[in-house]
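**Q** At position 244 of the sequence shown (counting the first as 1) the number is 313 in my numbering, and the numbers step up by one without a gap.
Heads up, the beta-carbon is just placed ideally off N, CA and C, and yes, glycines get one too.
As the structure is a computational prediction, the values presented were derived from the model and not from experiment.
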Amino acid sequence: MESNEDDANVFLNESKLDEWPLLNEKTNDDRLEKEINGSHHGFLPGLSRDNKIAFQWATEYATENLTLAAELWDGIDFDPGFVALPYDWTESKSLPRAQPFPWDKNQGLYVLNGYHALHCLKNIHRSIRQYHLGLPQSLPLMHITHCMDALRGDILCYADDTPRYTTVTKSPESAVGQIRQCRDWAMLERWAKERTSCYNYISHEADHIDQFERFKFCPPDSPYWPEVRKHFHKGSDWMPVTGDDITLDDGFESIADSMASAPYRTVDGMHG
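1. Report back the beta-carbon spacing between Q168 and A153 to the nearest angstrom; my notes put them in contact at under 8 Å.
2. By Cβ distance below 7 Å, which residues in the same chain neighbour T132 in space, the five residues on each side in sequence not counted?
3. If you reduce the DSSP assignment to three classes, tell me which class A255 lands in.
4. Roughly how many angstroms lie between the CA atoms of S266 and G144, to the nearest whole one?
5. Do you know how far the Cα of D229 is from the Cα of I122?
6. In the structure shown, what three-state DSSP assignment does Y368 receive?
7. Which whole-angstrom value describes the C-beta separation of L116 and L257, a residue pair presumed to lie in contact below a C-beta threshold of 8 Å?
8. Under a three-way DSSP split, which group does Y20 fall into?
9. Out of F147, Y227 and W294, which one is the CA nearest neighbour of C251?
10. Where Y293 and G304 are concerned, what is the direct C-alpha to C-alpha distance, given to the nearest angstrom?
11. Give me the Cβ distance between D146 and Y268, rounded to the nearest whole Å; I'm assuming they're in contact under 8 Å.
12. Just the C-alpha distance for S207 and T214, rounded to the nearest angstrom, thanks.
13. Can you give the Cα-Cα distance for P241 and K262, rounded to whole angstroms?
14. Return the CA-CA distance between P309 and C287, expressed in angstroms with no decimal places.
15. Mind checking S272: buried by the 16 CB within 10 Å criterion, or exposed?
16. Could you tell me which of T238, L210, P171 and G203 sits nearest to C189, measuring between CA atoms?
17. If I'm right that G358 touches L181 with Cβ under 8 Å, what's the distance once you round it to whole angstroms?
18. Ordered along the chain, which non-local residues of its own chain (more than five positions away) have a Cβ less than 7 Å from that of N120?
19. Whose C-alpha, out of K285, H277, Q247 and W307, is nearest the C-alpha of F124?
20. In or out: I224 buried (at least 16 other Cβ within 10 Å) or exposed?
21. Following the continuous alpha helix (DSSP H) through K299, name the residue where it begins and the one where it ends.
22. Flag this pair as yes or no: are the beta carbons of R233 and A219 separated by less than 8 Å?
23. Is the shortest distance between the beta-carbon of R298 and the beta-carbons of chain B less than 8 Å?
24. How should R283 be labelled, buried or exposed, when 16 other C-beta atoms within 10 angstroms of its C-beta is the threshold for buried?
25. My assumption, with CB atoms under 8 Å, is that F24 sits in contact with H300. Please give the rounded CB distance.
26. If I measure Cβ to Cβ from A186 and keep anything under 8 Å in the same chain, skipping five residues before and after, which residues do I get?
27. Relative to the C-alpha of K174, which candidate in G203, Y156 and H277 has its C-alpha closest?
28. So what does DSSP say about P169, is it helix, strand or coil?
29. Quick check: what's the CA-CA separation for S291 versus W172?
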């Protein structure tokens, strides 16, 4: 299966996964209150803004312990965001037709927009970390530029109008400790995993591999195992492991060791 950067960009730009109403906390606008408390225009019923989370100046992802922060960023998993969705369902939602899911031709491969945003943040963090350590950049400049532009587009699309309070201090802060209402990421991830495409990116150092290699990591109870095993000419009890029969490019371990953290697993192959 050949990847198509242009098609991926079309799917990410034209899909309507980000057309859900924003929250305006404590608003007196009846229309927005109705959207907040129930109706919304997303694809996952019940994914409303009812998850109360406080703004923070910095989380553990921004700790001064850069090695720990790098490990946390590395732990962000994009794989669930690659989902297999039935064509009849996506057509009913006016979504563009995606490339076929290899194990079921009645489904298409889609990337959930929230996971694309995390992919971009992780790529940007990786680039900054490599610059800080004096390491060569492992991603092209235009990929990082694309990611920043994609996040800019998301910000403008969401047009978050939440008023952030400011403090009366020498160096004013805003919104720290203020409660905002968010969607439940865990709920989104459960929904995505129920529609898994068996995807595992494996490593950004493995761009040379056959793309089918990335779609062979199905859950144990997956109905796709017969097709997967047939394609790879494996027996009925075969289960792959990450990196199985795959040789990574030279230098992967040395880069990881230099960064003093677990190897980064960015999704630069997402291309969009």
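**A** Let me lay it out:
1. Going by Cβ atoms, the distance from Q168 to A153 rounds to 11 Å, so no, they are not a contact pair.
2. A138
3. helix
4. 20 Å
5. 15 Å
6. Nothing can be reported for residue 368: it is not among the residues displayed for the chain, which extend from 70 to 341.
7. 6 Å
8. Given that the chain is displayed from residue 70 to residue 341, the structure contains no residue 20 and the question cannot be resolved.
9. Y227
10. 14 Å
11. Not really, about 11 Å apart at Cβ, beyond 8 Å.
12. 14 Å
13. 42 Å
14. 9 Å
15. buried
16. L210
17. This structure cannot speak to residue 358, because the chain is shown only from 70 to 341.
18. Q250, C251, R252 and D253
19. Q247
20. exposed
21. W294 to H300
22. no
23. Absent from the structure: chain B. Only one protein chain is present.
24. buried
25. In this structure the chain extends from 70 to 341, so residue 24 is not present and cannot be described.
26. A219, L220 and D223
27. Y156
28. strand
29. 11 Å
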